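S.K.: Sequential numbering from 52 applies to the sequence shown in the working numbering. Got a structure for you, questions after.
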Amino acid sequence: MLKAPHAALLSMACFSFKVTHKAQPGAYWKTGEDLHAVISKRYNVPMVSVRDALYNAMFDDALLLPLLGLTREQFMKDHIHPKLAGARVYGAGLVAWAIRHLVTKSLLQLQQHQQQHGLAAPVQHYRHHEHTYLNMLSTRRQLLLDLSSLSSSSSSQPVTVGGVVGRLHSRTMTQQQLSTDAAIQQAAALAVALGAVPALPSAVSPAAAQQLDADTFCAAGEELRPFAVGNTGWDWVEEGRHDCRSPGCKKFGYKSVTPGARILFEFNTSSISSRAQLQGKAKLSLVVLFLKQQSYAAEDGSPAVDGMGIVKLQCEEGCSCEPLEVNGENTDRAAELDTVETQVSAHARCVVSVTLLNQTTTGGHKFRINGMAVAAYKG
Numbered sequence: 052m053l054k055a056p057h058a059a060l061l062s063m064a065c066f067s068f069k070v071t072h073k074a075q076p077g078a079y080w081k082t083g084e085d086l087h088a089v090i091s092k093r094y095n096v097p098m099v100s101v102r103d104a105l106y107n108a109m110f111d112d113a114l115l116l117p118l119l120g121l122t123r124e125q126f127m128k129d130h131i132h133p134k135l136a137g138a139r140v141y142g143a144g145l146v147a148w149a150i151r152h153l154v155t156k157s158l159l160q161l162q163q164h165q166q167q168h169g170l171a172a173p174v175q176h177y178r179h180h181e182h183t184y185l186n187m188l189s190t191r192r193q194l195l196l197d198l199s200s201l202s203s204s205s206s207s208q209p210v211t212v213g214g215v216v217g218r219l220h221s222r223t224m225t226q227q228q229l230s231t232d233a234a235i236q237q238a239a240a241l242a243v244a245l246g247a248v249p250a251l252p253s254a255v256s257p258a259a260a261q262q263l264d265a266d267t268f269c270a271a272g273e274e275l276r277p278f279a280v281g282n283t284g285w286d287w288v289e290e291g292r293h294d295c296r297s298p299g300c301k302k303f304g305y306k307s308v309t310p311g312a313r314i315l316f317e318f319n320t321s322s323i324s325s326r327a328q329l330q331g332k333a334k335l336s337l338v339v340l341f342l343k344q345q346s347y348a349a350e351d352g353s354p355a356v357d358g359m360g361i362v363k364l365q366c367e368e369g370c371s372c373e374p375l376e377v378n379g380e381n382t383d384r385a386a387e388l389d390t391v392e393t394q395v396s397a398h399a400r401c402v403v404s405v406t407l408l409n410q411t412t413t414g415g416h417k418f419r420i421n422g423m424a425v426a427a428y429k430g
């Protein structure tokens, strides 16, 4: 990481517990977690698997309640987001254990290398005290960890998180204090010399890697509003949860339900490209962030309640781009933000229009635009 070279990374694979009308979990292989695991394994980032911990129990309260002392309704707010009690299980249970386990393992390995090279006193290994937070959890909540696994890219085999997690925690104490700057620098130099810090692997996606060092422009949420330069039929809305008390759960955007409604946005699509890139006609992407939502048919057979509509996006002035038709309908059982993109040319005053069409696949015409961005084209 260029901006945080000494950061320690831990991947928390929190997937969506999607359901069908029979209240069954989605297919294990369709959770999406394996896609995150590919990145974690490639870049040697440990990953905590929520899927492995909860997949078999989440839809069976008879199993979940004895394990956690919580039912599914008490644990999850919806099929994605945990309630406060569920977040505590994620944080104080899975993540806390993973961090302690990995730090202990790393310190022991570092001490072993130092000892072999005469740089440290012999390691003294102690068990964690029994009053740690995890040990204060009830036995039934500790049983959750029997279902959990920690995936490490250094091995294709997951490391099982056992119910005796409190007793597995350990700490190291040495006569030399590793917290001093000198010791840290010495340890880092030793790690490099021993080959413990390998070169960064090549990218999982070479196309996406081309964007890594390029600047981007993004106007999402409240930041989108100032870029609207013409508006007929679109309303500025906030459609977050009624109990939302923080910026993270607010959903600002422009919404319309009226076919023919048209809104114009103006951006400087040349701002993210260097002079050399502009002369070389570097390719850029115009990205639209929008609400993709399932539509529910009304009981009386009338058009769907909040049925999603279709818009046409095209460049009007300054820049040029391939027009797009975007359908807000989600065939999955979810309401989520999605993105579409089209290649756009660089221009200081690029004017883009979004028009709500009369055609629809749901019987409704609702559409919400949450943001727009410009990035290096990866097509």
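Beta carbons: idealized from backbone N, C-alpha and C, even for Gly. None of these values were measured; they are calculated from a predicted model.
1. In the region 75-127, which residue ranges form an unbroken alpha helix (DSSP H) of at least 4 residues, counting only runs that do not cross its ends?
2. Is it the case that the Cβ atoms of G422 and H398 are separated by a distance below 8 Å?
3. Would you report the Cα separation of A113 and A147, rounded to the nearest angstrom?
4. Per DSSP, N378 forms a beta bridge with which residues?
5. Can you list, in chain order, the residues of its chain whose CB lies under 7 Å from that of R292, leaving out five sequence neighbours each side?
6. Is it right to say E392 is buried, meaning 16 or more other beta carbons lie within 10 angstroms of its own, or is it exposed?
7. Below 7 Å CB to CB, which residues in the same chain sit around E380 once its five sequence neighbours on both sides are set aside?
8. Near E84, which residues of its chain fall below 6 Å by C-beta distance, leaving aside the five closest residues on each side in sequence?
9. Can you look up V280 in the DSSP assignment and give me helix, strand or coil?
10. Return helix, strand or coil for L275, following the three-state DSSP convention.
11. Whose C-alpha, out of A149, V89, N319 and L86, is nearest the C-alpha of C269?
12. Could you check if K81 is buried or exposed, using at least 16 other CB atoms within 10 Å of its CB as the buried criterion?
13. Based on the DSSP output, what are the partners of W287 in its beta bridges?
14. When the distance is taken between beta carbons, is V405 closer than 8 Å to I314?
15. What does R313 pair with, by DSSP beta-bridge criteria?
16. Quick check on DSSP: helix, strand or coil for G415?
17. Could you check where the alpha helix (DSSP H) with T155 kicks off and where it finishes?
18. Output the distance between the C-alpha atoms of A88 and M98, rounded to the nearest integer angstrom.
19. Could you have a look at A270 and say whether DSSP puts it in helix, strand or coil?
20. Count the other C-beta atoms from every protein chain shown that fall within 10 angstroms of the C-beta of L79, then say buried if there are 16 or more, exposed otherwise.
21. Just reading off the alpha helix (DSSP H) that A138 is part of, what are its end residues?
22. Three-state secondary structure (DSSP) at C300?
23. Hey, out of P76, G169 and A279, whose CA is closest to D111's CA?
24. Measure the CB-CB distance between T382 and V339 and report whether it falls below 8 Å.
25. If I follow the unbroken beta strand (DSSP E) through E387, where does it start and stop?
26. If you follow the beta strand (DSSP E) that A64 is part of, which residue opens it and which one closes it?
27. Going by the beta-carbon positions, is the gap between F418 and S307 smaller than 8 Å?
28. Pull the bridge partners of K343 from the DSSP assignment, please.
29. Please state if the CB of V140 and the CB of T267 are separated by a distance shorter than 8 Å.
30. Which whole-angstrom value describes the C-beta separation of R276 and W285, a residue pair presumed to lie in contact below a C-beta threshold of 8 Å?
31. Do you know offhand how far N95's Cα is from A279's?
32. Buried or exposed: where does E317 fall if 16 or more other Cβ atoms within 10 Å of its Cβ makes it buried?
33. Going along the chain, which residues of its own chain have a beta-carbon closer than 6 Å to the beta-carbon of L153, five neighbours each way excluded?
34. Going by C-alpha distance, which of P252, P298, G304 and T283 is nearest A271?
35. Which partner residues does E368 have in the DSSP bridge list?
M.R.: In terms of the structure at hand:
1. When DSSP assignments are scanned along the region 75-127, the uninterrupted stretches of alpha helix (DSSP H) that are 4 or more residues long and fall wholly within it turn out to be 84-93, 101-105, 112-119 and 123-126.
2. Here residue 422 refers to the residue found at position 371 when the sequence shown is read from its first residue. Here residue 398 refers to the residue found at position 347 when the sequence shown is read from its first residue. Their beta carbons are not under 8 Å apart, which means G422 does not touch H398 by this criterion.
3. Here residue 113 corresponds to residue number 62 of the sequence shown, with the count starting at 1. Here residue 147 corresponds to residue number 96 of the sequence shown, with the count starting at 1. Going by the C-alpha atoms only, they are around 26 Å apart.
4. Within the sequence shown, the letter at position 327 stands for residue 378. DSSP, once it has assigned bridges, lists I361 as partnering N378.
5. Counted from its first residue, the sequence shown places residue 292 at position 241. Annotation for R292: C300 place their beta carbon closer than 7 Å to its own, counting only its chain and skipping 5 residues before and after.
6. Within the sequence shown, residue 392 is the residue found at index 341, counting from 1. Under this definition E392 is a buried residue.
7. Translated into the one-based positions of the sequence shown, residue 380 becomes position 329. Taken in chain order, the residues that qualify are S346, M359, T412 and T413.
8. On the sequence shown, residue 84 is found 33 positions in, with the first residue counted as 1. Once the five neighbours on either side are set aside, the close Cβ partners of E84 are A64, F66 and R102.
9. As a working note, residue 280 is residue 229 in the sequence shown. Of the three classes helix, strand and coil, the one that applies to V280 here is strand, per DSSP.
10. Within the sequence shown, the letter at position 224 stands for residue 275. Residue state, collapsed to three classes: helix.
11. Translated into positions along the sequence shown, residue 269 becomes position 218. It is N319 whose Cα lies nearest to the Cα of C269.
12. Translated into the one-based positions of the sequence shown, residue 81 becomes position 30. Exposed, since its Cβ has fewer than 16 Cβ neighbours within 10 Å.
13. Working through the sequence shown from its first residue, we reach residue 287 at position 236. In the DSSP secondary-structure assignment, W287 is bridged to Y305.
14. Within the sequence shown, the letter at position 263 stands for residue 314. Within the sequence shown, the letter at position 354 stands for residue 405. Their beta carbons are under 8 Å apart, which means I314 touches V405 by this criterion.
15. As a first step, residue 313 must be located in the sequence shown, where it is residue number 262. Per DSSP, T283 and T406.
16. The residue labelled residue 415 in the question sits at position 364 within the sequence shown. DSSP, reduced to helix, strand and coil, places G415 outside both helices and strands of the structure shown, so it counts as coil.
17. For this step, residue 155 is matched to residue 104 along the sequence shown. Unbroken alpha helix (DSSP H) run through T155: A147 to Q167.
18. As a working mapping, residue 88 is identified with position 37 in the sequence shown. As a working mapping, residue 98 is identified with position 47 in the sequence shown. Using only the alpha carbons, I get a separation of about 7 Å.
19. As a first step, residue 270 must be located in the sequence shown, where it is residue number 219. Note: A270 maps to strand in three-state DSSP.
20. On the sequence shown, residue 79 is found 28 positions in, with the first residue counted as 1. Per the sequence shown, residue 79 should be read as Tyr rather than Leu. It counts as exposed.
21. For the purposes of this step, residue 138 is taken as the residue at position 87 of the sequence shown. Unbroken alpha helix (DSSP H) run through A138: L135 to R139.
22. Residue numbering aside, residue 300 sits at position 249 when the sequence shown is read from its first letter. Reduced to three states, the DSSP call for C300 is helix.
23. The sequence position of residue 111 within the sequence shown is 60, counting from 1. Among P76, G169 and A279, the Cα nearest to that of D111 belongs to P76.
24. As a working mapping, residue 382 is identified with position 331 in the sequence shown. As a working mapping, residue 339 is identified with position 288 in the sequence shown. The answer is no: Cβ separation not under 8 Å.
25. For this step, residue 387 is matched to residue 336 along the sequence shown. A386 to V395 is the span of the beta strand (DSSP E), which, as asked, contains E387.
26. As a working mapping, residue 64 is identified with position 13 in the sequence shown. From DSSP, the beta strand (DSSP E) with A64 extends over S62 to A64.
27. Here residue 418 is taken as the residue at index 367 of the sequence shown, counted from 1. Here residue 307 is taken as the residue at index 256 of the sequence shown, counted from 1. In contact: F418 and S307 (Cβ atoms closer than 8 Å).
28. For the purposes of this step, residue 343 is identified with residue 292 of the sequence shown, where counting begins at 1. For K343, which the question treats as bridged, DSSP gives the partners E387.
29. If you number the sequence shown from 1, residue 267 lands on position 216. If you number the sequence shown from 1, residue 140 lands on position 89. No. Outside cutoff.
30. Start at 1 with the first residue of the sequence shown, and residue 276 comes out as number 225. Start at 1 with the first residue of the sequence shown, and residue 285 comes out as number 234. Actually they do not touch by this definition, with Cβ atoms about 11 Å apart.
31. For the purposes of this step, residue 95 is taken as residue 44 along the sequence shown, with counting starting at 1. For the purposes of this step, residue 279 is taken as residue 228 along the sequence shown, with counting starting at 1. So the alpha carbons of these two residues sit roughly 43 Å apart.
32. One-based indexing of the sequence shown puts residue 317 at position 266. Buried: at least 16 other Cβ atoms inside 10 Å.
33. Position 102 of the sequence shown, counting from 1, holds the residue named residue 153. Only P97 meet the Cβ criterion.
34. One-based indexing of the sequence shown puts residue 271 at position 220. Looking at the Cα atoms, G304 is the closest of the given residues.
35. As a working note, residue 368 is residue 317 in the sequence shown. According to DSSP, E368 bridges with V402.
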